[in-house]
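Sequential numbering of the sequence shown, starting at 1431, is according to our numbering. Notes follow the structure.
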Amino acid sequence: MKFKTNFKKNVTKVALALPLLTLAACASYNASPLNSLSYMIKQKKVNSNNENVHAVAHALDAHECKIYLDRDVIAQGYQPVQIFIQNDSDNHYTFSPNQIDLPCSDQKQVADKVHTNTVGRAVGYGVGALFVWPLAIPAVVDGVKSSEANKQLDSDFYSKTAKTVTVGPHSSMNKLIFVPTSEYRSDFNITLLDMKSNESKTFQVSA
1431 MKFKTNFKKN VTKVALALPL LTLAACASYN ASPLNSLSYM IKQKKVNSNN ENVHAVAHAL
1491 DAHECKIYLD RDVIAQGYQP VQIFIQNDSD NHYTFSPNQI DLPCSDQKQV ADKVHTNTVG
1551 RAVGYGVGAL FVWPLAIPAV VDGVKSSEAN KQLDSDFYSK TAKTVTVGPH SSMNKLIFVP
1611 TSEYRSDFNI TLLDMKSNES KTFQVSA
């Protein structure tokens, strides 16, 4: 009798502890701000002939994807490339992803690929809750957390992705483009347009 009582108590303790353990594994999104590539610009300046506008690029690896995007987008078929432009001149330049000779995928398309599967996770917890009722708690919480994580991911991907912008005098731009891995190449050109003279300035970069 005592054995059965202790057994029931232990089962109850395990059942109550399960939600705490599973809540720790709830969906989340934790990405760091993009690192500056100013150190690459400094090297460019050393090797340039008094140029006052510079462009550099860096292809993120899987580890860097986890740091800056909290997802391995390379595994989903997209190579993220960081573009850093430093304008030390007195002129305004227009930058556009369309003026990069690489195909740039829409950030929403990339984000959708790495979304947390909210329905799948909820179903997984729900099945477990049929047998262990406390799992119904993390099922609800994880569904909400998963939805929030996807919204945070969408917002962060949008803010970090390059768009058509003006790079003003003595300022910089630090953004990402997403290139299909099947079409990616490390050497490519970036073209800026001088807004005053309407002349283009093309940079050969290597990521």
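Quick reminder that beta carbons are idealized off the backbone N, C-alpha and C, glycines included.
Looking only at DSSP bridge pairs, what is residue i linked to?
i              : result
threonine 1621 : Thr1632
valine 1511    : Ala1489, Ile1607
glutamine 1506 : Answer is none; glutamine 1506 lacks a bridge partner.
serine 1601    : Asn1517
tyrosine 1588  : BP columns for tyrosine 1588 are empty, so no partner.
tyrosine 1523  : Val1597, Asp1624
Mark residue i as exposed unless 16 or more other C-beta atoms lie within 10 angstroms of its C-beta, in which case mark it buried.
i              : result
aspartate 1491 : exposed
alanine 1579   : buried
lysine 1593    : exposed
proline 1599   : exposed
aspartate 1586 : buried
proline 1510   : buried
lysine 1575    : buried
glutamine 1473 : exposed
alanine 1505   : exposed
arginine 1551  : With a pLDDT of 44 at arginine 1551, under the threshold of 50, the modelled position of that residue is not reliable, and no figure is offered here.
serine 1535    : buried
glutamine 1537 : buried
tyrosine 1588  : exposed
glutamine 1539 : exposed
Please state whether DSSP places residue i in a helix, a strand or coil.
i               : result
lysine 1626     : coil
lysine 1593     : coil
asparagine 1528 : helix
asparagine 1465 : coil
tyrosine 1498   : helix
alanine 1579    : helix
serine 1458     : coil
serine 1612     : helix
alanine 1637    : coil
Where do the ends of the beta strand (DSSP E) carrying residue i lie?
i              : result
histidine 1488 : 1483-1489
At which residues does the alpha helix (DSSP H) containing residue i begin and terminate?
i            : result
alanine 1541 : 1537-1543
* With contact counted as at least three CB pairs below 8 Å, one residue from each stretch, are the segment 1458-1467 and the segment 1613-1627 in contact? -> Contact between the segment 1458-1467 and the segment 1613-1627 is not established, with fewer than three Cβ pairs separated by less than 8 Å.
* Asked: Quick check: the segment 1482-1499 against the segment 1627-1636, are there 3 or more CB pairs under 8 Å?
  -> Contact holds: three or more Cβ-Cβ distances are below 8 Å.
* Asked: Is it true that the segment 1522-1533 meets the segment 1593-1607, where meeting means three or more beta-carbon pairs spaced less than 8 Å apart?
  -> Cβ pair count under 8 Å is three or more, so yes.
* Given 8 Å, three or more beta-carbon pairs between the segment 1510-1522 and the segment 1600-1607 -> By the Cβ rule, the segment 1510-1522 counts as touching the segment 1600-1607, because three or more pairs are nearer than 8 Å.
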